[in-house]
Amino acid sequence: PEGSLLPLALGSAGRVLAGEGGAAGVDGVAGRRRWTESVGERERGVASVSAPIVDGSATVVAAVSVSGPIERLGRQPGRRFGAAVVAAAEAIGAQLHSLTS
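Numbered per this note's numbering, the sequence shown spans residues 21 to 121.
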(Lines of atoms letter the chains of each structure in order from A and count residues from 1; the text may use other names and numbers.)
(Lines give C-alpha, C1' and ligand atoms only; values in the text may rest on other atoms or scores of the structure.)
Protein backbone atom coordinates (compact mmCIF):
# COMPACT_ATOMS: atom_id res chain seq x y z
CA PRO A 1 0.00 0.00 0.00
CA GLU A 2 1.05 3.58 -0.63
CA GLY A 3 3.29 4.99 2.07
CA SER A 4 4.04 1.65 3.71
CA LEU A 5 7.55 0.67 4.71
CA LEU A 6 8.93 -2.57 3.30
CA PRO A 7 12.20 -4.35 4.04
CA LEU A 8 14.86 -3.49 1.44
CA ALA A 9 15.85 -7.13 1.02
CA LEU A 10 12.43 -8.04 -0.40
CA GLY A 11 11.91 -7.89 -4.16
CA SER A 12 14.41 -7.92 -6.98
CA ALA A 13 15.24 -4.19 -6.94
CA GLY A 14 15.68 -4.19 -3.18
CA ARG A 15 18.04 -7.15 -3.34
CA VAL A 16 20.05 -5.43 -6.08
CA LEU A 17 20.35 -2.27 -3.98
CA ALA A 18 21.25 -4.33 -0.90
CA GLY A 19 24.00 -6.05 -2.87
CA GLU A 20 22.25 -9.45 -3.10
CA GLY A 21 23.62 -11.18 -0.07
CA GLY A 22 25.48 -8.24 1.37
CA ALA A 23 28.19 -7.77 -1.26
CA ALA A 24 29.08 -4.15 -1.89
CA GLY A 25 29.63 -4.50 -5.62
CA VAL A 26 28.12 -5.99 -8.71
CA ASP A 27 29.59 -9.46 -8.09
CA GLY A 28 27.04 -9.93 -5.34
CA VAL A 29 24.11 -9.60 -7.74
CA ALA A 30 23.03 -12.99 -9.02
CA GLY A 31 26.46 -14.07 -10.15
CA ARG A 32 27.32 -13.99 -13.83
CA ARG A 33 23.86 -13.29 -15.17
CA ARG A 34 23.85 -9.83 -13.49
CA TRP A 35 20.12 -9.76 -12.72
CA THR A 36 17.82 -11.02 -10.02
CA GLU A 37 14.10 -11.78 -10.08
CA SER A 38 11.19 -11.86 -7.68
CA VAL A 39 7.78 -13.49 -7.99
CA GLY A 40 5.12 -12.60 -5.43
CA GLU A 41 7.77 -11.66 -2.90
CA ARG A 42 6.82 -8.05 -2.16
CA GLU A 43 3.24 -8.23 -3.31
CA ARG A 44 1.06 -11.15 -4.30
CA GLY A 45 0.59 -11.40 -8.06
CA VAL A 46 3.56 -9.19 -8.98
CA ALA A 47 6.80 -10.32 -10.63
CA SER A 48 9.97 -8.35 -11.32
CA VAL A 49 13.49 -8.57 -12.67
CA SER A 50 16.20 -6.04 -11.78
CA ALA A 51 19.82 -5.30 -12.62
CA PRO A 52 22.38 -3.07 -10.94
CA ILE A 53 23.63 0.25 -12.23
CA VAL A 54 27.25 0.53 -11.15
CA ASP A 55 29.78 3.33 -10.95
CA GLY A 56 33.35 3.21 -12.23
CA SER A 57 34.49 1.16 -9.24
CA ALA A 58 31.73 -1.46 -9.73
CA THR A 59 29.76 -0.25 -6.72
CA VAL A 60 25.99 -0.57 -7.06
CA VAL A 61 24.52 2.95 -7.09
CA ALA A 62 21.01 2.29 -8.48
CA ALA A 63 18.84 -0.37 -10.12
CA VAL A 64 16.80 -0.83 -13.28
CA SER A 65 13.68 -2.92 -12.81
CA VAL A 66 10.81 -4.26 -14.89
CA SER A 67 7.78 -5.31 -12.87
CA GLY A 68 4.20 -6.22 -13.56
CA PRO A 69 1.50 -8.82 -13.08
CA ILE A 70 2.71 -12.42 -13.02
CA GLU A 71 0.21 -13.16 -15.77
CA ARG A 72 2.19 -10.87 -18.10
CA LEU A 73 5.77 -11.39 -16.92
CA GLY A 74 5.50 -15.07 -16.03
CA ARG A 75 6.99 -16.93 -13.10
CA GLN A 76 10.55 -16.55 -14.41
CA PRO A 77 10.69 -12.93 -15.60
CA GLY A 78 14.47 -13.02 -15.79
CA ARG A 79 14.39 -15.50 -18.66
CA ARG A 80 12.30 -13.13 -20.74
CA PHE A 81 13.53 -9.69 -19.63
CA GLY A 82 16.85 -10.24 -17.83
CA ALA A 83 19.11 -9.47 -20.79
CA ALA A 84 17.20 -6.28 -21.65
CA VAL A 85 17.27 -5.06 -18.05
CA VAL A 86 21.03 -5.73 -17.82
CA ALA A 87 21.63 -3.92 -21.14
CA ALA A 88 19.66 -0.89 -19.92
CA ALA A 89 21.52 -0.85 -16.60
CA GLU A 90 24.88 -1.07 -18.37
CA ALA A 91 23.96 1.77 -20.74
CA ILE A 92 22.89 4.01 -17.87
CA GLY A 93 26.02 3.09 -15.91
CA ALA A 94 28.21 3.99 -18.88
CA GLN A 95 26.49 7.37 -19.17
CA LEU A 96 26.95 8.04 -15.46
CA HIS A 97 30.60 7.05 -15.67
CA SER A 98 31.19 9.41 -18.62
CA LEU A 99 29.64 12.27 -16.64
CA THR A 100 31.85 11.70 -13.61
CA SER A 101 35.19 10.90 -15.24
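By construction, the Cβ of each residue, glycine as well, lies at the ideal position given by its N, Cα and C atoms.
Next item on the list: Provide the residue span of the beta strand (DSSP E) that contains G88, from first to last.
Entry: Here residue 88 refers to the residue found at position 68 of the sequence shown. Boundaries of the beta strand (DSSP E) harbouring G88: 80 to 89, taken from the DSSP string.
Margin query: By the DSSP assignment, the beta strand (DSSP E) with A29 in it spans what residues?
Written below: Stepping through the sequence shown from its first residue, residue 29 is reached at position 9. That residue, A29, is in no beta strand (DSSP E); it is neither H nor E in DSSP.
Next item on the list: Rounded to whole angstroms, what's the CA-CA distance from R100 to I90? Just pull it up for me.
Entry: What you label residue 100 is simply residue 80 of the sequence shown in a count that begins at 1. What you label residue 90 is simply residue 70 of the sequence shown in a count that begins at 1. Going by the C-alpha atoms only, they are around 12 angstroms apart.
Next item on the list: Please name the residue in E57, D75, A104, E63 whose C-alpha comes closest to that of S118.
Entry: Position 98 of the sequence shown, counting from 1, holds the residue named residue 118. Closest by alpha carbon: D75.
Checklist line | Cβ-based burial, S85 [other Cβ within 10 Å; buried from 16] | finding: The count along the sequence shown starts at 1 and reaches residue 85 at position 65. Per the 10 Å Cβ criterion, buried.
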